[in-house]
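Just below is one structure, and these are the notes that go with it.
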């Protein structure tokens, strides 16, 4: 399975209820260090309840410019959240299933997402 | 003193570099059929390209990222690839039109058939891209392109009835023999000719090539805000010449020789010599810019190393992709398709594809993560959103209008 297969897959909770679609995959660079950068490690999936289309970066920040584009894009992705790799129970060809009691994290990046 | 010279040079280059085969053909066609009644579109287009170039130049200077690097980052792989495909194909169409334009202009100067000039033009473009320094390439073609001012000179020498021209320009109306859909179709074509996406790819990538920093923003702003409107005046002069000579004679422009006919009439042989140099320089300069733009877009999207500041061996895929683009352009032209027709379609498709590049730049130019304190101000954002609406409407309306009017026939 490659990353492209994962994007857009429905994300289900442990009872099979539909939570949304995998809109983005979040990585952190904290693996083995190399000359240019460290290996990437998959942190989790950004789940969007309404649309798997691109966020155009608005999920990472609390930016509200330019009006009304920013508001429109935020509205399309209202209720989206980040689930960590640890909370994913299994990834099938047609869906991603989460463990019971998974945590919904804000998809904003920590240093930029304050005040969200 | 050096600084003033630099500013002057930048402005002159922007004027000379503004006009390309799309502007030449579209303005002459429009002038010969609609008089100056579509001049307002040139004004709208010039303000638009100033705004767009200002934003993308600022993004490039503040973040060091050119347009397609930004698009790739923001749209993600799928939407980004769709965007690349559309933008790249339309750019390739423009490359083809520009090379055809160089060949047609050389035909007018030499009486040798343009199909024979096409390989010569393409090889010359490749040699310049391969060998010549970016700043020299920019300045030489830009300055030689300034000879197109002869269109304005010719317009004066033709001694037109200025009242009639001003009347057409200030109280635009659809001429009796044309229909409203045709009028609006050409409005979109003219808008696309003024706001061609490649200008922005080239502008922002050029900023990276020349190593701009935020310190250079003032100069870039002056270049754009003074140079492009003056270039727009050249466009108007082209349309004006056609409106004065060709419209009353009932000639609607279908070839490059008709575009420059009014100059020969107004300014004689000397004028003709100037206009031929100008057309060759303008189309050759634009052929360089569009060919480089095709390399820039591909390389920036796929993350290849790019740029003329690198030796070709260090940016092999960038250079190879441009060679392939030139070969494709030669191939298309070798079928005998009329370059003027290719041009007419390319400007309309440019208008159709414009939102694809405009929107990501608008969004990123608002993002302090990239821009620091150089984010869009409130006034720029208001104007930019108004233009977003204009660009979207033009883009959506273009295809239906193309079908209804039979591509403006």
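Protein chains in written order, with my numbering: chain A, 1 to 116; chain B, 117 to 525. Beta carbons: idealized from backbone N, C-alpha and C, even for Gly. All values reported here derive from a predicted model rather than from experimental measurement.
Would residue i be called buried (16 or more neighbouring beta carbons within 10 Å of its own) or exposed?
i                     : result
residue 284 (chain B) : buried
residue 334 (chain B) : exposed
residue 234 (chain B) : buried
residue 86 (chain A)  : exposed
residue 487 (chain B) : buried
residue 330 (chain B) : exposed
residue 128 (chain B) : buried
residue 516 (chain B) : exposed
residue 72 (chain A)  : exposed
residue 399 (chain B) : buried
residue 278 (chain B) : exposed
residue 416 (chain B) : buried
residue 295 (chain B) : exposed
residue 424 (chain B) : buried
Just to confirm my understanding: we take residue i, look at its own chain, exclude 5 residues before and 5 after, and list those with CB closer than 7 Å. What are they?
i                     : result
residue 203 (chain B) : 313, 413, 469, 472, 473
residue 428 (chain B) : 246, 435
residue 220 (chain B) : 230, 372, 455
residue 146 (chain B) : 154, 302, 306, 355
residue 102 (chain A) : 83, 87
residue 156 (chain B) : 288
residue 79 (chain A)  : 49
residue 392 (chain B) : 221, 224, 225
residue 266 (chain B) : 379, 383, 387, 390, 391, 394
residue 508 (chain B) : 471
residue 44 (chain A)  : 26, 82, 83, 84, 85
residue 191 (chain B) : 199, 476
residue 347 (chain B) : 130, 131, 134, 135
residue 178 (chain B) : 330, 486, 487, 488, 490
residue 270 (chain B) : 357, 378, 379, 382, 383, 387
Using a C-beta to C-beta distance shorter than 8 Å, which residues of chain B count as neighbours of residue i?
i                    : result
residue 66 (chain A) : 478, 479, 482, 492, 497, 500, 501
By Cβ distance below 8 Å, which residues in the same chain neighbour residue i in space, the five residues on each side in sequence not counted?
i                     : result
residue 16 (chain A)  : 97
residue 511 (chain B) : 467, 468, 469, 470, 471
residue 51 (chain A)  : 21, 23, 76, 77
residue 526 (chain B) : As shown, chain B starts at 117 and ends at 525. That puts residue 526 (chain B) outside it, with no answer to give.
residue 58 (chain A)  : 70, 73, 74, 77
residue 81 (chain A)  : 46, 47, 104, 105, 106, 107
residue 6 (chain A)   : 22, 25, 45, 91, 96
residue 167 (chain B) : 496, 499, 500, 503
For residue i, list the residues DSSP reports as bridge partners.
i                     : result
residue 20 (chain A)  : A:11
residue 84 (chain A)  : A:44
residue 105 (chain A) : A:82
residue 228 (chain B) : Answer is none; residue 228 (chain B) lacks a bridge partner.
residue 27 (chain A)  : A:42
residue 96 (chain A)  : A:11, A:91
Using the beta-carbon of each residue, which ones in chain B are nearer than 9 Å to residue i?
i                    : result
residue 57 (chain A) : 189, 190, 479, 480, 483, 485
Give a single yes or no on whether residue i has its beta carbon closer than 8 Å to a heavy atom of the ligand ZN.
i                     : result
residue 437 (chain B) : In terms of ligand content, the structure shown is empty, and the ligand ZN therefore cannot be addressed.
Enumerate in chain order the residues of its own chain whose CB-to-CB distance from residue i is below 6 Å, with the five nearest sequence positions on each side excluded.
i                     : result
residue 54 (chain A)  : none
residue 362 (chain B) : 148
residue 19 (chain A)  : 11, 13, 47
residue 67 (chain A)  : none
residue 359 (chain B) : 147, 151, 152
residue 448 (chain B) : 212
residue 171 (chain B) : 477, 481
Against residue i, what residues of chain A qualify as contacts under a CB-to-CB distance less than 7 Å, listed in chain order?
i                     : result
residue 198 (chain B) : Simply none; closest approach about 11 Å.
residue 202 (chain B) : Neighbours of residue 202 (chain B) on chain A: none; closest Cβ ~16 Å, over 7 Å.
residue 169 (chain B) : By Cβ distance, chain A contributes nothing, its closest Cβ being about 18 Å from residue 169 (chain B), past 7 Å.
What in chain A is Cβ-close to residue i, meaning under 8 Å?
i                     : result
residue 195 (chain B) : 53, 54
- Item | Contact list for the segment 117-149 of chain B against chain A, Cβ threshold 9 Å | Flagged: no residues at all.
- Closer than 8 Å, Cβ to any Cβ of chain B: which residues of the segment 36-54 of chain A, in chain order? Going along the segment 36-54 of chain A in chain order, one finds 53, 54 with a Cβ nearer than 8 Å to chain B.
- Interfacial residues, the segment 58-92 of chain A to chain B, with Cβ spacing under 7 Å: Listed by position, the residues of the segment 58-92 of chain A near chain B (Cβ gap below 7 Å) are 61, 63, 65, 66, 69.
- Query: At a Cβ cut of 7 Å, what residues of the segment 172-186 of chain B count as close to chain A, listed as they run along the chain?
  - Reply: Along the segment 172-186 of chain B, there is no position whose C-beta sits under 7 Å from a C-beta of chain A.
- Using a beta-carbon distance cut-off of less than 9 Å, what residues from the segment 450-481 of chain B approach chain A? Residues of the segment 450-481 of chain B that bring their beta carbon within less than 9 Å of a beta carbon in chain A comprise 475, 476, 478, 479, 480, 481, in sequence order.
- Near-chain A residues of the segment 369-392 of chain B (beta-carbon distance less than 8 Å), N- to C-terminal order: Taking 8 Å as the Cβ-Cβ cut-off against chain A, none of the residues of the segment 369-392 of chain B qualify.
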